[in-house]
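Colleague: Counting in this note's numbering, the sequence shown runs from 1 upward without gaps. Sharing a structure, written as structure tokens. Questions coming.
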Amino acid sequence: MIVRWGLDELGLLLAELGISRPLLVTTERFGELELPVATRFSGVRRHAPVETVSAAVAATHGADGLVGLGGGSAIETAKAVSAETGLSLVAVPTTYAGAEWTPYFGMRDEAQKLKAGGSGARTVAIVYEPELTLGLPLEETVGTAMNALAHSAEAL
């Protein structure tokens, strides 16, 4: 796994990976962030609903890679898209959830009230930008840190 520090490393990293037309998978909050991406899907919703993943997969037309930027839901959505399409993923987490480290992802089928998921995400790199975590509310900081512990146990 390639790990880089600082959002300013993203463009160079994408070039090194041969990704020239990445799709950004993120939330509305980060949808307008200045990034070296070709297209954007900023419709990520909490707990990666199946419909959201399907919409993000549809948005990959013409993309040759993915950048998943956001908290656990954004990273989970991007991992599901990666598994479905086979596109390589560069994860840029903005919380402490730790979802970027596993190939597994979870989704929610709201119509059937079921949890779904799978594996097979092709996460090839992670870019950490500490500045993106500075504005997290205490509740989200603690909650995502506990989620990271769960991901650690899952990895064992």
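C-beta: ideal position from N, C-alpha, C; glycine also.
1) If I measure Cβ to Cβ from Asp37 and keep anything under 8 Å in the same chain, skipping five residues before and after, which residues do I get?
2) From this set, Ala97, Gly65 and Ala74, which residue's C-alpha is nearest Glu140's C-alpha?
3) Would you kindly work out how many angstroms separate the C-alpha atoms of Glu9 and Val50, rounded to a whole number?
4) For Tyr128, I'd like the list of residues in its chain whose CB is within less than 6 Å of its CB, leaving aside the five on either flank, ordered along the chain.
5) Taking the straight line between their C-alpha atoms, what separation do you get for Ala74 and Val44?
6) Counting only runs of 4+ residues fully inside the region 82-141, write out the alpha helix (DSSP H) ranges in chain order.
7) Please decide whether Tyr128 counts as near chain E, where near means a Cβ-Cβ distance under 9 Å.
Modeller: Short version:
1) According to the sequence as given, residue 37 is Val; it is not Asp. For Val37, where only same-chain residues beyond five positions count, the Cβ hits under 8 Å are Pro22, Leu23, Leu24 and Val67.
2) Closest option to Glu140, Cα to Cα, is Ala97.
3) The straight-line gap separating the alpha-carbon atoms of Glu9 and Val50 is approximately 31 Å.
4) Here the set comprises Trp5.
5) Straight-line spacing of the CA atoms in Ala74 and Val44 works out to 6 Å.
6) Correct list: empty.
7) Protein chains in the displayed structure number just one, and chain E is not present.
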